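A quick write-up on the structure given underneath.
In the working numbering, the protein residues as written are 1072 to 1275.
Okay, here's the thing in C-alpha coordinates:
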(Lines of atoms letter the chains of each structure in order from A and count residues from 1; the text may use other names and numbers.)
(Lines give C-alpha, C1' and ligand atoms only; values in the text may rest on other atoms or scores of the structure.)
Protein backbone atom coordinates (compact mmCIF):
# COMPACT_ATOMS: atom_id res chain seq x y z
CA UNK A 1 0.00 0.00 0.00
CA UNK A 2 1.46 3.33 -1.05
CA UNK A 3 -0.10 6.76 -0.91
CA UNK A 4 1.54 9.92 -2.18
CA UNK A 5 0.45 13.39 -3.23
CA UNK A 6 0.47 14.20 -6.95
CA UNK A 7 4.00 15.03 -8.09
CA UNK A 8 2.89 18.46 -9.28
CA UNK A 9 1.79 19.38 -5.75
CA UNK A 10 4.96 19.21 -3.60
CA UNK A 11 3.46 21.89 -1.38
CA UNK A 12 -0.13 21.29 -0.49
CA UNK A 13 -2.55 23.85 0.83
CA UNK A 14 -6.09 22.69 1.27
CA UNK A 15 -8.81 25.17 2.14
CA UNK A 16 -11.74 23.59 3.91
CA UNK A 17 -15.04 25.26 4.63
CA UNK A 18 -18.45 23.84 5.36
CA UNK A 19 -21.01 26.07 3.70
CA UNK A 20 -23.96 24.62 5.57
CA UNK A 21 -22.21 25.16 8.89
CA UNK A 22 -21.48 28.79 8.03
CA UNK A 23 -25.04 29.43 6.86
CA UNK A 24 -26.51 27.82 9.98
CA UNK A 25 -24.18 29.84 12.20
CA UNK A 26 -25.25 33.08 10.55
CA UNK A 27 -28.93 32.15 10.66
CA UNK A 28 -28.68 31.50 14.41
CA UNK A 29 -27.07 34.88 15.08
CA UNK A 30 -23.66 33.33 15.76
CA UNK A 31 -21.38 35.90 17.36
CA UNK A 32 -18.14 33.90 17.37
CA UNK A 33 -15.76 34.61 14.48
CA UNK A 34 -15.82 32.30 11.50
CA UNK A 35 -12.60 30.58 10.46
CA UNK A 36 -11.16 29.49 7.17
CA UNK A 37 -9.07 26.37 7.83
CA UNK A 38 -5.91 25.67 5.84
CA UNK A 39 -3.87 22.46 6.01
CA UNK A 40 -0.25 23.27 5.18
CA UNK A 41 2.28 20.58 4.28
CA UNK A 42 5.83 21.82 4.90
CA UNK A 43 7.74 18.54 4.45
CA UNK A 44 7.23 14.88 3.65
CA UNK A 45 9.05 11.72 4.59
CA UNK A 46 9.24 9.96 1.24
CA UNK A 47 7.53 6.71 0.32
CA UNK A 48 8.86 4.53 3.11
CA UNK A 49 7.06 5.60 6.28
CA UNK A 50 5.74 2.50 8.09
CA UNK A 51 1.96 2.68 8.41
CA UNK A 52 2.23 0.69 11.64
CA UNK A 53 3.96 3.71 13.24
CA UNK A 54 0.70 5.65 13.19
CA UNK A 55 -2.05 3.02 12.86
CA UNK A 56 -2.34 0.28 15.45
CA UNK A 57 -2.67 -3.16 13.93
CA UNK A 58 -1.56 -2.07 10.45
CA UNK A 59 0.33 -4.47 8.21
CA UNK A 60 4.02 -4.12 9.06
CA UNK A 61 4.92 -4.08 5.35
CA UNK A 62 2.59 -1.21 4.43
CA UNK A 63 4.21 2.17 3.85
CA UNK A 64 3.04 5.60 2.82
CA UNK A 65 4.40 9.02 1.90
CA UNK A 66 3.57 10.91 5.07
CA UNK A 67 3.26 14.71 5.13
CA UNK A 68 4.35 16.92 8.00
CA UNK A 69 1.54 19.40 8.60
CA UNK A 70 0.62 22.56 10.40
CA UNK A 71 -2.84 24.11 10.33
CA UNK A 72 -3.91 27.74 9.99
CA UNK A 73 -7.23 29.07 11.29
CA UNK A 74 -7.84 32.40 9.60
CA UNK A 75 -10.48 34.24 11.60
CA UNK A 76 -13.04 36.77 10.44
CA UNK A 77 -11.95 38.86 13.45
CA UNK A 78 -8.40 39.16 12.10
CA UNK A 79 -6.84 36.44 14.24
CA UNK A 80 -4.47 33.98 12.58
CA UNK A 81 -4.17 30.88 14.73
CA UNK A 82 -1.63 28.15 14.00
CA UNK A 83 -2.17 24.63 15.24
CA UNK A 84 1.38 23.40 15.85
CA UNK A 85 4.51 25.12 14.59
CA UNK A 86 6.53 22.49 12.71
CA UNK A 87 10.27 21.94 13.02
CA UNK A 88 13.39 23.93 12.13
CA UNK A 89 15.95 22.81 9.55
CA UNK A 90 18.68 22.40 12.17
CA UNK A 91 16.65 20.08 14.39
CA UNK A 92 18.78 17.24 15.75
CA UNK A 93 15.74 14.98 15.49
CA UNK A 94 15.43 15.81 11.79
CA UNK A 95 19.14 15.04 11.27
CA UNK A 96 18.77 11.69 13.01
CA UNK A 97 15.50 10.77 11.34
CA UNK A 98 15.87 7.47 9.52
CA UNK A 99 13.64 8.52 6.61
CA UNK A 100 14.35 11.04 3.86
CA UNK A 101 12.92 14.53 4.40
CA UNK A 102 11.64 15.90 1.10
CA UNK A 103 10.21 19.24 -0.06
CA UNK A 104 11.04 20.93 3.25
CA UNK A 105 9.89 24.54 3.61
CA UNK A 106 10.50 26.32 6.90
CA UNK A 107 7.11 26.69 8.61
CA UNK A 108 7.07 30.51 8.65
CA UNK A 109 7.87 30.52 4.92
CA UNK A 110 5.15 27.95 4.28
CA UNK A 111 2.62 30.19 6.04
CA UNK A 112 3.88 33.20 4.06
CA UNK A 113 2.73 31.48 0.85
CA UNK A 114 -0.79 32.29 2.04
CA UNK A 115 0.13 35.98 2.21
CA UNK A 116 0.47 35.93 6.00
CA UNK A 117 3.71 37.11 7.57
CA UNK A 118 5.18 35.48 10.70
CA UNK A 119 4.32 38.68 12.60
CA UNK A 120 0.65 38.24 11.66
CA UNK A 121 0.29 34.97 13.56
CA UNK A 122 -1.62 35.88 16.71
CA UNK A 123 -1.71 32.50 18.45
CA UNK A 124 -0.14 29.03 18.30
CA UNK A 125 -1.89 26.01 19.78
CA UNK A 126 0.60 23.23 20.52
CA UNK A 127 -1.13 19.85 20.42
CA UNK A 128 1.83 18.07 22.03
CA UNK A 129 5.55 18.62 22.46
CA UNK A 130 7.07 16.26 19.91
CA UNK A 131 9.85 17.92 17.91
CA UNK A 132 7.87 18.19 14.66
CA UNK A 133 5.00 20.00 16.41
CA UNK A 134 6.72 22.44 18.76
CA UNK A 135 10.18 23.26 17.35
CA UNK A 136 9.03 26.28 15.32
CA UNK A 137 7.38 28.37 18.03
CA UNK A 138 10.19 30.92 17.91
CA UNK A 139 9.50 31.72 14.24
CA UNK A 140 6.37 33.73 15.07
CA UNK A 141 7.40 36.69 17.26
CA UNK A 142 3.96 38.02 18.19
CA UNK A 143 2.15 34.75 18.81
CA UNK A 144 0.65 33.78 22.15
CA UNK A 145 1.42 30.10 22.79
CA UNK A 146 -1.30 27.81 24.14
CA UNK A 147 -0.38 24.43 25.63
CA UNK A 148 -1.81 22.00 28.15
CA UNK A 149 -0.45 22.76 31.61
CA UNK A 150 0.19 19.07 32.37
CA UNK A 151 2.12 18.64 29.08
CA UNK A 152 4.56 21.47 29.78
CA UNK A 153 4.91 20.61 33.46
CA UNK A 154 5.78 16.99 32.67
CA UNK A 155 8.40 17.80 30.01
CA UNK A 156 9.88 20.66 32.00
CA UNK A 157 10.26 18.38 34.99
CA UNK A 158 9.92 14.67 35.64
CA UNK A 159 10.24 13.51 32.01
CA UNK A 160 14.02 13.87 32.31
CA UNK A 161 14.33 11.99 35.57
CA UNK A 162 15.69 8.41 35.55
CA UNK A 163 13.40 5.82 33.97
CA UNK A 164 10.88 8.44 32.75
CA UNK A 165 10.00 8.81 29.07
CA UNK A 166 10.65 11.79 26.81
CA UNK A 167 11.04 10.17 23.37
CA UNK A 168 10.50 12.59 20.51
CA UNK A 169 10.78 15.74 22.62
CA UNK A 170 13.69 18.09 21.95
CA UNK A 171 15.12 19.68 25.13
CA UNK A 172 15.69 22.97 23.32
CA UNK A 173 11.96 23.30 22.69
CA UNK A 174 11.25 23.00 26.41
CA UNK A 175 13.86 25.64 27.22
CA UNK A 176 12.37 27.93 24.56
CA UNK A 177 8.85 27.53 25.96
CA UNK A 178 9.99 28.17 29.52
CA UNK A 179 11.73 31.35 28.29
CA UNK A 180 8.59 32.46 26.42
CA UNK A 181 6.56 31.77 29.55
CA UNK A 182 8.76 34.15 31.56
CA UNK A 183 7.95 36.80 28.93
CA UNK A 184 4.20 36.34 29.27
CA UNK A 185 3.76 34.63 25.93
CA UNK A 186 2.59 31.19 27.12
CA UNK A 187 -0.91 30.43 28.36
CA UNK A 188 -1.39 27.13 30.17
CA UNK A 189 -4.63 25.27 29.43
CA UNK A 190 -5.93 23.33 32.41
CA UNK A 191 -7.98 20.33 31.30
CA UNK A 192 -10.51 19.24 28.73
CA UNK A 193 -13.05 21.17 26.63
CA UNK A 194 -11.61 24.65 27.11
CA UNK A 195 -12.55 27.54 24.83
CA UNK A 196 -9.22 29.33 24.62
CA UNK A 197 -9.99 31.78 21.83
CA UNK A 198 -13.43 32.93 20.66
CA UNK A 199 -14.79 30.04 18.57
CA UNK A 200 -11.83 27.72 19.29
CA UNK A 201 -12.25 24.96 21.87
CA UNK A 202 -9.49 22.46 22.65
CA UNK A 203 -9.81 18.94 23.99
CA UNK A 204 -7.45 16.45 25.61
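For each residue, glycine too, the CB sits at the ideal point set by N, CA and C.
None of these values were measured; they are calculated from a predicted model.
Check for me: the alpha helix (DSSP H) holding residue i runs from which residue to which?
| i | result |
| --- | --- |
| residue 1266 | Residue 1266 -> not in any alpha helix (DSSP H); beta strand (DSSP E) instead, spanning 1265-1268. |
| residue 1182 | 1178-1183 |
| residue 1250 | 1242-1253 |
Taking only the alpha-carbon atoms, compute the straight-line gap between residue i and residue j and give it to the nearest angstrom.
| i | j | result |
| --- | --- | --- |
| residue 1196 | residue 1271 | 10 Å |
| residue 1109 | residue 1146 | 11 Å |
| residue 1232 | residue 1180 | 36 Å |
| residue 1164 | residue 1236 | 16 Å |
| residue 1162 | residue 1214 | 21 Å |
| residue 1275 | residue 1106 | 21 Å |
| residue 1268 | residue 1192 | 14 Å |
| residue 1140 | residue 1234 | 31 Å |
| residue 1242 | residue 1131 | 31 Å |
| residue 1127 | residue 1203 | 21 Å |
Rounded C-beta distance between residue i and residue j? I'm assuming under 8 Å.
| i | j | result |
| --- | --- | --- |
| residue 1240 | residue 1210 | In fact, because the Cβ distance is near 18 Å, the residues do not count as touching under 8 Å. |
| residue 1150 | residue 1206 | Between residue 1206 and residue 1150 the Cβ distance is about 23 Å, and since that is not below 8 Å, they are no contact. |
What residue does the beta strand (DSSP E) around residue i start on, and which one ends it?
| i | result |
| --- | --- |
| residue 1258 | 1257-1260 |
| residue 1110 | 1106-1115 |
| residue 1194 | 1194-1196 |
### Query
Of all the beta strand (DSSP E) runs that stay within the bounds of the region 1209-1239, which reach a length of 3 or more residues?
Qualifying beta strand (DSSP E) stretches, in chain order: 1215-1219.
### Task
For the region 1121-1172, list the alpha helix (DSSP H) runs that are entirely contained and at least 4 residues long, ordered along the chain.
Complete alpha helix (DSSP H) runs here, min 4: 1163-1167.
### Query
Would you call the region 1171-1178 and the region 1244-1251 touching, i.e. three or more CB-CB distances under 8 Å?
At 8 Å Cβ cutoff, the stretches do not touch.
### Query
Do three or more CB pairs link the region 1113-1131 to the region 1142-1156 at distances below 8 Å?
Too few Cβ pairs lie closer than 8 Å, so no.
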